[in-house]
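If you read the protein sequences in the order shown, they are chains B, Y, C, Z and P.
Heads up: take any position in the first sequence, counting from 1, add 41, and you land on my numbering.
Heads up: take any position in the second sequence, counting from 1, add 1029, and you land on my numbering.
Heads up: take any position in the third sequence, counting from 1, add 1029, and you land on my numbering.
Heads up: take any position in the fourth sequence, counting from 1, add 1, and you land on my numbering.
Heads up: take any position in the fifth sequence, counting from 1, add 122, and you land on my numbering.
In what follows, a single structure is set out as structure tokens and then discussed.
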Amino acid sequence: MTDATVQTPATLATTGAGSSQGKWLKWLVHLVVVLFIAFWFMPILALLISSFRPQIDTASSGWWTVFARPVLTADNYLLALDQLRVGASLGTSLAIAIPSTILTVILSMIGAYALVRMKFPGRTALSLLLVALLITPPQITLVPLLRLYNAVGLSGTIPGIWLYQVGFTLPFGIFLLRGFLASIPQELYESAYLDGASELRTFVSIVLPLSRPIMASLGIMAFLWSWNDLLIPLLFMGGSGMSPPITVNLAGLVAQTTQGQGPLMAATFLSVAVPILLIISLQRYFVRGILGGAVKG
Amino acid sequence: MTSVSINGVRKSYGPVDVIHGVDIDIEDGEFVVLVGPSGCGKSTLLRMIAGLEEISGGQIRIGQRVVNDVSAKDRDIAMVFQSYALYPHMTVADNMAFSLKLKGLDKTERDARIAKAAEILGLTPMLKRFPKQLSGGQRQRVAMGRAIVRNPQVFLFDEPLSNLDAKLRVEMRSEIKSLQHRLKTTMIYVTHDQIEAMTMADKIVVMRDGKVEQADTPLNLYDKPANKFVAAFIGSPSMNFIEGSVRGSAFVSNDGVTLPLPSATVVSDGQKLTYGIRPEHLALGNGDGIPAVVQLVEPTGAETMVQLRIGSSVVVGVFRDRITAKEGETIHIVPDSSRVHLFGADDLRLA
Amino acid sequence: MTSVSINGVRKSYGPVDVIHGVDIDIEDGEFVVLVGPSGCGKSTLLRMIAGLEEISGGQIRIGQRVVNDVSAKDRDIAMVFQSYALYPHMTVADNMAFSLKLKGLDKTERDARIAKAAEILGLTPMLKRFPKQLSGGQRQRVAMGRAIVRNPQVFLFDEPLSNLDAKLRVEMRSEIKSLQHRLKTTMIYVTHDQIEAMTMADKIVVMRDGKVEQADTPLNLYDKPANKFVAAFIGSPSMNFIEGSVRGSAFVSNDGVTLPLPSATVVSDGQKLTYGIRPEHLALGNGDGIPAVVQLVEPTGAETMVQLRIGSSVVVGVFRDRITAKEGETIHIVPDSSRVHLFGADDLRLA
Amino acid sequence: MSDPLAIVLLLIVAGAIGIPILVYLALGAGEGMLSLMPVRAGQRLRPWVWLLLPIALAATILIFPVIVTLGTSLMDARAASYIGFENYAWAFSGSMLGIVQNNIIWLIAFPIITVVLALAAATLFDKVKYEPLAMTIVLLPTAISFTAGSVIWTQMYSFQPAGTPQIGTFNAFLGLFGMRPVPWLIQPVVNNLSLIFIAVWLQLGIATLILSSAIKNVGTEMIEAARLDGAGEWRVFFSIVLPNILPSVLVVLTTMIIAALKVFDIVYVMTNGNFGTDVIANRLYYELFAASNLGHASAIAVILLFSALPIAFINIFQFRSEARS
Amino acid sequence: QDANQYRDAAVAEAKRIAEGIEPGGYVEVIGQNSGAEGQTLQDVYAAFSEATGIEVRYTGTQDITAIVQSRIQAGNPPNVADIQLGEAIDLAENGQLVDLTAAFGDELTANFGEMLLETASYDGKVFGVYQGMNPFMVWYNPKSYTGPEAPQDWQAIVDWTNEQAKAGNAVWCAAQNAGAGSGFPGAQIVDNIFLKKYGPELYAQWGSGELPWTSEEVKWAFEEFGRVVMQDSHVQGGVIGALSTPISTGYTGLVTDPATCQISLWGAWVPGLIGETAVPGDNIDFFRVPASDPAFYGNELFQSAISVGFTDDAATKAFLQYIASTPAQTYLASLNRWPVANQNVSADVYPSPLLQKIASEYLSGDVQFAAGPNVLNGAATGSAYYKAIVSYMQNPGDLDNILAGIEATTE
Ligand SMILES: Nc1ncnc2c1ncn2[C@@H]1O[C@H](COP(=O)(O)OP(=O)(O)OP(=O)(O)O)[C@@H](O)[C@H]1O
Ligand SMILES: Nc1ncnc2c1ncn2[C@@H]1O[C@H](COP(=O)(O)OP(=O)(O)OP(=O)(O)O)[C@@H](O)[C@H]1O
Ligand SMILES: [Mg+2]
Ligand SMILES: [Mg+2]
């Protein structure tokens, strides 16, 4: 926490743009940003409001009418909480998503580091393959891997799901990180070597801390993907004694025909709570100029 | 034990050759200063010694060991980068502590060494800051600190004091020297500061375009530069050169100005020569001497630099006196004939 | 028209105050050099003038206009950054062309200006390279080039020559001066090089810890430093200080050494004083003079710097002669009493 | 309750702490082994020590199934007998062609819209104090599962005939200006764009996140130098910021192009390819799970894989040029 | 208290069935019902676990087709899955389902109607059992309905629809937007129209592929659907409105004030979709689907998933036997979710009067269930059928091509 607060620099726009024209521009920026996030948030706001409305109202009038005639109820939330079995499902979701995320980030860093920092024959081919693998449609991987998992006894286990999710996200992770690693000034690696750091130590003490912003980005993405993944946990958890992940329950709510959508909307908000906490808590890694002051040139 | 010997080392970046075969022998505990014009390959050479740059040809030995294939981290070398290369995510203290941690020193020992270095470098109040919160000179001192807290076999310094003020630089200079006296570590030091080079070096290596022009003790370089390039490069302002030829026992420039020759010169009459005299070896004549037209007077406080025209050549003189002459006036100067250098048509110094 | 005036300017980074109210008046076309110890706030001040740093207090005026609220791009200022700040994705030529393109200059004109600047800076063979492919000094020259191709109202230079060798630096110095003569542009120049400061400046501003200590012409600073700090800061090696008091018409140091006072001094008997004498104003006595024990002899070629102990004070002398005395020997020195500075207990120079 | 909780904790500790430690130790052991070897040999082997785990994992999870798929693409529906390139012949005929057309619309519109918006968002957010809030909001859609997303967008796009009250947000908005409601998901062309917009809504957060961390890494002093050179905000952006974050832009662009190629969920959930919105991956899903035609499905997958090659090559150029400079 | 009594009976039945089977282990069940509905099923399964010591691991998901297909192909199917009948038949054809005939003995005949049994058999072997069973009916709001009272003749509805249309009232609610399943409500209307015009035999032939989709009869059913329901003036929101309205909110118009439509022809779940605003008997009620040919008024189609076993082990069979048993289905009925398939479950067991009414009208008396495309279609044809409904609604003129398209998937 401390370093983030100390490092928080002035945003670029605030420096030196204070003339009347600059002020006008500043207001324009605020206007655009506010309008933009309002627009982006609107669908979610609609959902949020709808989650507090009785089904009958949702079906017959737009969500905005609530501002004129506020009829709100928490029933949907009570129903959703009842059906989501938040406790156990949340546990499963976390047991899947947290290790998947961390392993994805770590292994991507390792792979990207090797691809960027080490020269070896086959590097280009490997990079090519990496990008090509990004396109693999998940559907075609299911059957061969299920077979494999059965053969080795991984099916029905949570580590099997980690393995899948990490493996599937890895090419993207490496692809994302390699660009960042390439931008770290060469001299920093070099001074670490001269200081007597081994490759591994350089990686841990220099590269990892410097890559925090991009690792946080990847972490957020990997977490969201893992968290929202339906098919893989369903398929690979088959027969496991654990509750299905919370999003599987959530998806189930859409399908059911006896309560309308109110509880689904409520459940959506409940299931988004964890990712939002994550996003907010990782925000502090997004600081300007993590490399500032390192080298001149 | 920790001598460094560089044999026929070459380096090219793709098609561009930047080091064309350099030989330097550095003894254990020697303080060698590398000088040369910007871009001549000093940093590249240091980087090759450190093991950061592939060696395109030749051999580098540290101690008895050929290190061409030894990785940087195993060479036990500390280097101050020209561009600092500080760890931006670490505080000043952590920047210095990093190598010590890797060596496995315990915290008390580390803290002691860091406190000591910070003290020397005037960084004590900034130990908790991050590099981006420092001024240029402070960053440079951190880079310096990172090197001196270690106890390596060889120190490499790449213009480590260039962003410091004169006063601090004098202090740092003596700190580095006393460090070297204490540790007896071999040091290779790149600098553009003449005083630094002259006062610190056991040996100065003058480079030019990827080649060594001369390697010798500071005073030998100053007194007996091997060629015109070294003569011009060592000493600031630069040595003055006047083209001409020998007429009897004197030197006559191409435009007819007669200049005294040192007594014991073996030159043949009529020989084409370049006459070299350092600005500080011109004295003001009391009416006698060679008439020179003042072009520019630049007092520096302690001295006065004067640009003069003698015949058609422009020469610079540095005088302890305050010169009051204005532009266009004529003054008389006397070259110290015992300090004259003569260079042949091949630019080499005549013995 | 393009005078710059700085009134009571202050700057703090959060709780840290780095500039505590600075006033400087710079006339149109004046060449002002900022000097001061590393970290005293020179770069910060330049950045505030350029509009890159918010001004925490006070006012900066360029020409008639208060620019506190004018954005950097509208101030028409060129700056050479201490850290270069080159555009890494552009070639050397493009780095220089950028501002010209923005001004809407056509290609021929741009190319001409770039070719000219590259010529001056010795960058012609490197125009197509990227910053990464340059040596430290070459990068610094590109940064320089980026500024001089423009024709701004004000130039700001932050140690623009620190990574150049002495010879190149002398050349650059005169190029900058002739640029200034030609364009008559106001220039503010930060340097740690004493010679640069003394020879280039119309006015030198000495800063210390975010305050201006003295602003005056170079020679006035050298000859009449307002206080001990300035006296020590200007001139290298630094002025020697000896503590003591007046006894009759002479100065007696605390450990009993008697030193001559300038003839026309108005001091009262017994007054506590600091006696200041610059190293270059000590001469070797022929047997007479003050005995001093040699501690360290550092020949620089042109001169010899000698560390001496007089009583218990350590003083440095710079002599044109080659000193052959060894450590521990005693020599005799004569201070040039007309060049002695006296400072009161408040560190201020006595009139 | 305590029992499953214990399992969950155990799993999290094992996966998030245990395995990383093992990986670290393994790397350490690998490095240790390398250090025993001659330097050159060590240098040659080192990349493979580091890449061992990532490659093994990718090989298992991706390359192995891809190879299996290459095989089944030459076999019949039940993967029982070899039929040569028939599946490919089928894939390049008839109904597939219209589908490919839709993917091309996606391929053009989606990456461009996303990258442009993401650049704008990342740049503008960088200039305001409430950036964390703004960033969280653009990321929110990513956090909402697709199932819920479909509910949201059905609400947004809902259509009632002109004259009746509109429940759908967009049509109600149009109504404010007296415009006729649009059947967003049904009217040809509009519906593809509507679907694309959902994808943009969902993915923008990620694109913005990546670009924002790239923008934050552009040297401040360099930007200041540009301002002093007289560059306005636009110019700073286009001449300084953009070229410096180009690698990240390429990453985003590539990711989005690939997302456009393999877009599935949105189409499946919103229209299931009705109204002329079908896309390749949806067809793949249909062939695989509804029609149970493994041969067709595999052929489609292989074609998708090959269609990514040009993008891969573009990236290789970029990698190369990074390595050079 | 009642529920407890039913539960006890179910437990006892499970004990009886599982006699001789070792406790322990588990049965993995994948179904389509999740949320509260899944919970209901799990309540019933819990009784089985309690009695036998065999854990039932139930997962409910919409992606059941993909999951079951993948797991079968991977050789790792779940023990039991609730899937569409058509898919089950395909699997039975491939010999992937467990033969339950022996396990059940003649219990089945006693518990299930003839049609249900027939559809759950292939080649004379029983491969699955039904739990729930949803018939179709015409829903209306007694407060606002202006049409004929429980008509048996389809034409009465047609005439009334036209009349109301002239007066500017669109009487039908027929929302079709269900994402990946869009069009299936329409398909079921077409099925109803067909069955009640051409009768169960032809309907079964259509379902089994003997009667081609391009036949006159099928075409007529589509056209009738288009004429009567899918006219801009007949259906709430017009055709485009019906296409774009999600089914989850598309039937609420029956009970809103003012009501935006008067009838809808769909399954027993309609009140559930509307939610708690629907008060059976008060603002929502139903009558059976009228027939074009009075001879076929008594034939009804149904919608249900079928539970099939993939693994030939005692626990699986015992589980399937249990869920088919009268006590288990009685217990399920008492939980008040949906009508159950077992005909021996008394209608009084349902707490809800609506379910009681459905049970008594459809599961006893003169109703003959018929199976056609609605339950017999395989996944590919089913999906093509739903898409065809959507296409037809957009381009009624293109019907021949559309039907030919579905026909193509049956090969
Ligand atoms: N972001 C910051 N936070 C806190 N202190 C800072 C920050 N940036 C600079 N400083 C401090 O402000 C003081 C002035 O810095 P400045 O860069 O102006 O010094 P300078 O005079 O240019 O020094 P140098 O000659 O070493 O370049 C320094 O002591 C520095 O440590
Ligand atoms: N990557 C590269 N590609 C091509 N040429 C390069 C590259 N890096 C450096 N050079 C060139 O190699 C030469 C030597 O560079 P080096 O950095 O060793 O010079 P230097 O002596 O340290 O100069 P300075 O005093 O300016 O720092 C320079 O002319 C430089 O332009
Ligand atoms: Mg260098
Ligand atoms: Mg500075």
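C-beta atoms are modelled at their ideal positions from N, C-alpha and C, and glycine is treated no differently.
A quick note: this is a predicted structure, and the numbers were derived from the prediction, not measured.
Supposed close pair residue i, residue j - CB separation, criterion 8 Å
i, j, result
"P:Ala-427", "P:Gln-191", "No, P:Ala-427 and P:Gln-191 are not in contact; Cβ-Cβ is about 15 Å, not under 8 Å."
"Y:Pro-1320", "Y:Thr-1359", "5 Å"
"Y:Met-1227", "C:Pro-1328", "7 Å"
"C:Ala-1222", "C:Ile-1233", "A small correction: the amino acid at residue 1222 of chain C is Asp; Ala does not occupy that position in the sequence shown. About 12 Å separates the two Cβ atoms, so there is no contact after all."
Within chain P, the residues that residue i reaches when beta carbons sit closer than 8 Å
i, result
"Z:Met-271", "Gly-301"
"B:Gly-279", "Glu-150, Ile-152, Thr-181, Ile-189, Arg-193, Asn-198, Pro-200"
Pairwise C-alpha distance: residue j and residue i
i, j, result
"Y:Arg-1237", "Y:Lys-1071", "9 Å"
"P:Leu-544", "Z:Thr-115", "This structure gives no information on residue 544 of chain P, because the portion of chain P shown stretches from 123 to 533."
"P:Pro-200", "P:Phe-344", "38 Å"
"B:Pro-250", "B:Ser-284", "36 Å"
"Z:Ile-317", "B:Thr-309", "40 Å"
"C:Ser-1342", "C:Ile-1271", "7 Å"
"P:Ile-511", "P:Gly-308", "6 Å"
"P:Tyr-262", "B:Trp-268", "42 Å"
"C:Val-1062", "C:Pro-1364", "30 Å"
"B:Gly-237", "Y:Lys-1132", "8 Å"
"Y:Thr-1073", "Z:Ile-224", "29 Å"
"Y:Phe-1159", "Y:Ala-1312", "52 Å"
Within chain Z, the residues that residue i reaches when beta carbons sit closer than 8 Å
i, result
"P:Ile-362", "Phe-160, Pro-162, Pro-184, Ile-187"
"C:Met-1108", "Ala-226, Leu-229"
Contacts of residue i in chain P (Cβ-Cβ under 9 Å)
i, result
"Z:Ser-341", "The first residue shown for chain Z is 2 and the last is 326, placing residue 341 of chain Z beyond what the model contains."
Chain-ordered neighbours of residue i on chain B, where CB pairs are closer than 7 Å
i, result
"Y:Leu-1115", "Gly-334, Ala-335"
"P:Asp-185", "Leu-271, Leu-272, Leu-275"
Chain Z contact residues for residue i, given Cβ-Cβ distances below 7 Å
i, result
"Y:Ser-1100", "Val-40"
Cross-chain neighbours of residue i in chain B, by beta carbon under 8 Å
i, result
"Z:Val-139", "Ile-78, Trp-81"
"P:Gln-218", "In chain order: nothing, as chain B lies at least about 15 Å away."
"Y:Phe-1127", "Ala-233, Asp-236, Ala-238, Ser-246"
"Y:Phe-1184", "In chain order: nothing, as chain B lies at least about 11 Å away."
Residue i: contacting residues in chain B (beta-carbon distance under 9 Å)
i, result
"C:Ser-1191", "In chain order: nothing, as chain B lies at least about 10 Å away."
Per-residue contacts from residue i into chain C (C-beta, under 7 Å)
i, result
"Y:Ala-1261", "Lys-1196"
Per-residue contacts from residue i into chain Y (C-beta, under 7 Å)
i, result
"C:Val-1000", "Residue 1000 of chain C cannot be examined here, being either before or after the span of chain C that is shown, 1030 to 1380."
Inset, instruction - Report all residues for which the CB-ligand distance to some heavy atom of ligand 2 is below 5 Å; order them along the chain. - result: Y:Tyr-1042, Y:Val-1045, Y:Val-1047, Y:Ser-1067, Y:Gly-1068, Y:Cys-1069, Y:Gly-1070, Y:Lys-1071, Y:Ser-1072, Y:Thr-1073, C:Gln-1162, C:Leu-1163, C:Ser-1164, C:Gly-1165, C:Gly-1166
Legend entry - Within the segment 338–383 of chain P, ranges of the alpha helix (DSSP H) (whole runs, at least 4 residues): 338–350, 360–366
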